[in-house]
Amino acid sequence: MDKPRPEGQGSGVAAVHRKDIKTSTISIHAAQSFEHITFKLSGPTPLVTAIIYRPPKPNPSFVFDFSDFLTQLSAISPSVLLLGDFNIHINTNCKSDTEFLEVLPCFNLTQHVNFSTHSCGHILDLVCSAGLTIPHLSSLNLNISDHLAIIMDINLPIPTTNGQFQLHFRKLSNLCCL
Numbered sequence: 001m002d003k004p005r006p007e008g009q010g011s012g013v014a015a016v017h018r019k020d021i022k023t024s025t026i027s028i029h030a031a032q033s034f035e036h037i038t039f040k041l042s043g044p045t046p047l048v049t050a051i052i053y054r055p056p057k058p059n060p061s062f063v064f065d066f067s068d069f070l071t072q073l074s075a076i077s078p079s080v081l082l083l084g085d086f087n088i089h090i091n092t093n094c095k096s097d098t099e100f101l102e103v104l105p106c107f108n109l110t111q112h113v114n115f116s117t118h119s120c121g122h123i124l125d126l127v128c129s130a131g132l133t134i135p136h137l138s139s140l141n142l143n144i145s146d147h148l149a150i151i152m153d154i155n156l157p158i159p160t161t162n163g164q165f166q167l168h169f170r171k172l173s174n175l176c177c178l
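First residue of the sequence shown? That's 1 in full-length UniProt numbering, and the numbers climb one at a time after it.
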C-alpha cells in the first residue's frame with residue numbers, strides 16, 4: 001500500500017506486508033507538516049500502524065499536528081505502532097525535539113530507538129508503540145541511503161484460518177491405467 005506525495009520531490013510513504021496479514025487503510029486527516037499512511041492490522045486487538053515522514057525543514061505546527069493525529073489514532077485502538085523518518089534529532093536538547101518527546105507519554109507511547117539511525121550520528125528514524133511489546137530492535141546498513149534500516153521483532157497474535165478446506169479426488173477404481 002502506498003500514499004504518493006501530491007507535490008514536490010520524492011514518492012511519498014509506503015508499507016509492504018505479507019498477503020496473509022489482513023490490513024485495512026485508515027483515513028485520517030492529512031496534516032501539512034508531515035506525511036503518513038495509516039492502516040489497521042486485524043487481530044484480537046487491532047494494531048493501528050502509521051508510517052510517517054516528516055520533511056527536514058522545521059515546521060512550527062508539527063507538534064500540534066502530530067498531537068491531533070495521535071488523538072485520532074488512540075480513538076481507534078489502544079495498540080499503536082508508529083514508524084518512520086521523523087527528521088527530529090531526539091538525541092539533542094533542542095526545544096522542538098523536547099516538545100515532541102513530551103507528547104508521546106500523553107498517548108502511552110514509548111520511543112524505542114536508542115542508537116544512531118543516520119550517517120551523521122543522529123537518531124532520526126523512530127519506532128514508537130503503545131500496547132505492544134517490541135523485544136528486539138537493531139539497525140542494519142544497507143548502503144542505499146544515509147539512513148540505517150531498523151530491524152525489529154514484534155509479538156502479534158495473528159488470527160488463524162478456520163481450518164476448513166475442500167479436497168477433491170477421484171475414485172481409484174475409476175482410473176484407466178495402461
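Idealized CB from N, CA, C, for every residue including glycine. Since this is a predicted model, take the numbers as computed values, not measurements.
{"Asked": "Reduced DSSP secondary structure (H/G/I, E/B, other) of Val113", "Found": "coil"}
{"Asked": "Which residues DSSP lists as bridging Thr38, in chain order", "Found": "Ala50"}
{"Asked": "Sequence-distant residues of its chain with Cβ nearer than 6 Å to Asn108 (five each side left out)", "Found": "Ala130"}
{"Asked": "Thr45: first and last residue of the uninterrupted beta strand (DSSP E) it sits in", "Found": "Segment: none, Thr45 is in no beta strand (DSSP E) and carries neither H nor E."}
{"Asked": "Asp68 Cβ short of 7 Å to the ligand ADP heavy atom set", "Found": "In the structure shown, the ligand ADP is absent, as is every other ligand, since no ligand is present at all."}
{"Asked": "Among Ile51, Thr45, Pro135, Ala31, nearest to Thr25 - alpha-carbon criterion", "Found": "Ile51"}
{"Asked": "Where residue 180 sits in the DSSP three-state scheme", "Found": "The structure shown does not extend to residue 180, since the chain is modelled only from 1 through 178, so no value can be given for it."}
{"Asked": "Distance CB(Val127)-CB(Leu140) smaller than 8 Å", "Found": "no"}
{"Asked": "Pro58 versus Asp153, Thr71, Lys95, Lys19, residue with shortest Cα-Cα distance", "Found": "Lys95"}
{"Asked": "Close Cβ partners of Pro78 (< 8 Å) along its chain, the five nearest in sequence each way excluded", "Found": "Thr45, Asn108, Ala130, Gly131"}
{"Asked": "Proximity below 8 Å, CB of Phe69 to CB of Ile28", "Found": "yes"}
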